[in-house]
Amino acid sequence: MNIKEQLLKEIEKASDSTLKEVLDFLLFIQFRELQQEQLEISLLSEPILAEDWLTPEEDEAWQHL
């Protein structure tokens, strides 16, 4: 029996309050994974973007702020 089958078996036996808590936890984990993926993408793109941003021309363009 794989994990998904085990979960489904236990879900059938669980109370509504337990199911709500399990759902909340599952949604939290999915959100956390998405946040981690977005952070990794940002960190990976930073060196490439720095090539455009860290130039004398950019410094001059933003100097008035």
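Following this note's numbering, the numbering of the sequence shown begins with 56 at its first residue and continues without gaps.
Heads up, the beta-carbon is just placed ideally off N, CA and C, and yes, glycines get one too.
| said: Measuring only the C-alpha atoms, how far is L62 from E76? | reply: The residue given as residue 62 occupies position 7 in the sequence shown. The residue given as residue 76 occupies position 21 in the sequence shown. Between L62 and E76, the C-alpha separation is close to 14 angstroms.
| query | Would you say L74 and I66 are within 8 angstroms of each other, going by their C-beta atoms? | reply | Residue numbering aside, residue 74 sits at position 19 when the sequence shown is read from its first letter. Residue numbering aside, residue 66 sits at position 11 when the sequence shown is read from its first letter. Going by C-beta atoms, L74 is nearer than 8 angstroms to I66.
| Per-residue DSSP class, three states only, for T110 | The sequence position of residue 110 within the sequence shown is 55, counting from 1. Looking at T110 - three-state DSSP - the assignment turns out to be coil, as it is neither helix nor strand.
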